[in-house]
Amino acid sequence: MKIKIVVDKRTLVMEVLLKLTNYFTRYSNLNVGFNFQFNKDVENYFEKYKNHKAIKMLQKIIDNTNFCYGAPISLALKLNEDFTYDANKLKEYILEDQLKKDKGLLEFLLETKNFVEDTNFKEFYNQHKNQFNEWIKSVKDRTDDNLIDYLNAFYKEDLKKKYIINLLPLQTNANYGSRIGNRSYCNLGVKIGKDGKVYFLGEYQAWLLHHEFSHPIINPLTDKYFDYNKMPKLPAEVITILINSAYGEGCTYVKEQVVRATDIIYGKHIWGRKISEEERIKKEAALGFIHTRRVLKALKKYQKQNEPMSTYYPKILEEFYKPLTEKDYDVSLLKK
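Numbering-wise (our numbering), the sequence shown opens with residue 595 and increments by one.
Given below as structure tokens:
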């Protein structure tokens, strides 16, 4: 397969560390049931280590920074396979500025390796390897390699990336896209019921993989070209909705908005008439993504050009610098 599927040791360690803090209480939307036996196994094995220095350090970080959602997973993937870290690999990390200001995150990374050794994490991982292989096979059977060909064609260049689906068993309601060097990760929350069966999202899974594999393409282009000072401020009611959904304004909003617009085009590609473009635009606007119609129009224009996204992208961003009008969104449709 062109897409590799794994349960990465580094992100699993991060998830275990998070579970031993109050993280999943604070962000209760990330784990909405499922994986009952695996959660129990984690609790039984690691409970005695809840006072480990790494846990105390992580709790302090959670309490004092925006170390949440994709940030912990992306940081874990920056680690070497032996849980050491190379400072050069931490460049372009989403909280890179935080790393420079606060040495606590770097000290926590050093202590993470001690946690792995003190808990004999390798033993826990090996005990569950057969289970992980079952999950991997289930995902593999439902994954279409043609997505990679589509991405190369849509962005008009051979992206020369390794595509990896990384399963997150302790975050059943979360998915994150990460770019580490030439590797693009779709960090996918996996759901296992009480019957031991893996639950999937049907056709929605194809859309989800497209979404998360697009972020490592769109995000660095946004970081490179987006000028926050040129963008008119979003309406207050829209900002409230975005913040409540773990998004914000500015660069974060732009990245998510562009990817969501590309999702609509991909949806039409795989589902045809089964997806209503106008209905999708209204749904996105209700979620706070009020530039959907504009960006979608710009993307369709891009598709007709003989230019890769890597150089065309500034033209897409022009849509965010224009003043908003009543045609862009209906306040009555905004999600309350």
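Here a beta-carbon is modelled for each residue, glycine too, at the ideal position from N, C-alpha and C.
Looking at the backbone, the Cα of V600 and that of I758 are separated by about 7 Å. By the CB criterion at 7 Å, I833 and E843 fall inside the cutoff. Exclusion of the five residues before and after Y860 leaves H804 as the residues of its chain whose Cβ lies within less than 6 Å of its Cβ. In this structure, the alpha-carbon of K877 lies about 16 Å from that of K862.
Every beta strand (DSSP E) of 3 residues or more that sits fully in the segment 774-833 is shown, in chain order, as 777-783. Here G664 really is in contact with Y770; their C-beta atoms are around 4 Å apart, less than 8 Å. Using a Cβ distance threshold of 7 Å, N625 and Q765 count as a contacting pair. Take S732, set aside five residues on each side of it, and the residues of its chain with a beta-carbon closer than 7 Å to its own are V792, in chain order. Per DSSP, L762 lies in no alpha helix (DSSP H); the unbroken beta strand (DSSP E) holding it starts and ends at 756-762. DSSP places S870 outside both helix and strand once states are collapsed to three, so it counts as coil. Per DSSP, the continuous beta strand (DSSP E) segment holding K598 begins and ends at 597-600.
Three or more pairs of CB atoms, one per stretch, sit closer than 8 Å, so the segment 706-717 contacts the segment 677-686. Shown here, N633 sits in a helix according to DSSP, grouped into three states. By the criterion of a C-beta distance shorter than 6 Å, A768 is surrounded in its chain by L624, G783, once the five residues flanking it on both sides are discounted.
Taking 7 Å as the cut-off, the Cβ atoms of A648 and R604 do not count as close.
When the alpha-carbon of D789 is set against those of F628, N658, N838, the nearest one is in F628. Secondary structure of Y744 (DSSP, three-state): helix. Secondary structure note for Y915: its alpha helix (DSSP H) is the uninterrupted segment 903-915. Burial check for F630: the Cβ neighbour count within 10 Å stays below 16, so the residue is exposed. Residues of the same chain with a CB within less than 6 Å of the CB of L815, apart from the 5 flanking positions on each side, are Y907 in chain order. Nearest to Y719 by C-alpha distance, out of M903, F748, V636, is V636.
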